[in-house]
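Under this note's numbering, the final residue of the sequence shown carries the number 435; numbering is consecutive throughout. A virtual CB, placed ideally from N, CA and C, is assigned to each residue, including glycine.
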Amino acid sequence: MADADRDTWSTIIFDQLVEAGVSLFAYVPDFGNAKIIDMSDEHNATRSVLLTSEEEGVAICAGADLVGERAVVCMQSSGVGNCPNFLSFVKGANFPMLMIVTMRGDYGEENPWQYPMGEAVDPILEAMGVQSIRVDRMDELEAATGAAISAAFKGGRGVALVLTQKLMGAKAF
Numbered sequence: 263m264a265d266a267d268r269d270t271w272s273t274i275i276f277d278q279l280v281e282a283g284v285s286l287f288a289y290v291p292d293f294g295n296a297k298i299i300d301m302s303d304e305h306n307a308t309r310s311v312l313l314t315s316e317e318e319g320v321a322i323c324a325g326a327d328l329v330g331e332r333a334v335v336c337m338q339s340s341g342v343g344n345c346p347n348f349l350s351f352v353k354g355a356n357f358p359m360l361m362i363v364t365m366r367g368d369y370g371e372e373n374p375w376q377y378p379m380g381e382a383v384d385p386i387l388e389a390m391g392v393q394s395i396r397v398d399r400m401d402e403l404e405a406a407t408g409a410a411i412s413a414a415f416k417g418g419r420g421v422a423l424v425l426t427q428k429l430m431g432a433k434a435f
């Protein structure tokens, strides 16, 4: 994937999140989400929180909602496997949670170790009651991001905006 492409889709997502009032960006470092996190560090109305594990991001989103703020948790697809226990809180407590998930183990993947978790992402999200909105193409991105934001923060539910390798390009590592 060209850096210009990553800059474009990252900017589209970040701008919509900020416009929707998201002020807290929780993340585990990942190349796919790096530009979004960089923008959250540089923006004067947002802040980022480095996590030691992805499930902490679910708790951060819950805490933000309890104090009237909006948060997003950014992770690579392998991190979804760390979250099921905490994702049960989303459904049980009925709080909004938005995840930005950058995929590995799908279209064009070269690393065989990424396939098992890549194939498990949607079944895990479905089992935990989290809506998955997958984006394969740039022309889908703006509408899909808006739908994810609306479903999470107006619908009061867990939603994952899943950015596939068709959109981002496959990593060579």
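Nearest-angstrom Cα separation, counted from residue j out to residue i
i: M379; j: L387; result: 12 Å
i: D269; j: L279; result: 15 Å
i: E318; j: A288; result: 8 Å
i: L360; j: K433; result: 24 Å
i: H305; j: L313; result: 19 Å
i: G417; j: P358; result: 8 Å
i: K297; j: N356; result: 30 Å
i: G294; j: G431; result: 10 Å
i: F276; j: V424; result: 15 Å
i: S339; j: D303; result: 22 Å
i: V284; j: W271; result: 17 Å
i: E316; j: G354; result: 19 Å
i: I322; j: A282; result: 18 Å
i: Y377; j: D384; result: 13 Å
Buried versus exposed, by CB contacts within 10 Å (16 or more), residue i
i: M337; result: buried
i: R309; result: exposed
i: W375; result: exposed
i: A414; result: buried
i: V329; result: exposed
i: T407; result: buried
i: A410; result: buried
i: M400; result: exposed
Nearest-angstrom beta carbon gap, residue j and residue i [assumed within contact, 8 Å]
i: T426; j: R396; result: 6 Å
i: G341; j: A382; result: Contact flag wrong, Cβ pair sits at about 12 Å.
i: V311; j: V352; result: Actually they are not in contact, since the Cβ atoms of V311 and V352 sit about 18 Å apart, beyond 8 Å.
i: R332; j: A324; result: Their Cβ separation, rounded to whole angstroms, is 12 Å, which puts R332 and A324 out of contact at 8 Å.
is_contact[residue i, chain C] using C-beta, thresh 8 Å
i: V334; result: Among the chains in the structure shown there is no chain C, since it carries only a single protein chain.
Inset, instruction - Return the chain-ordered ranges of every alpha helix (DSSP H) run that is complete within the segment 320–402 and spans a minimum of 4 residues. - result: 346–355, 377–389
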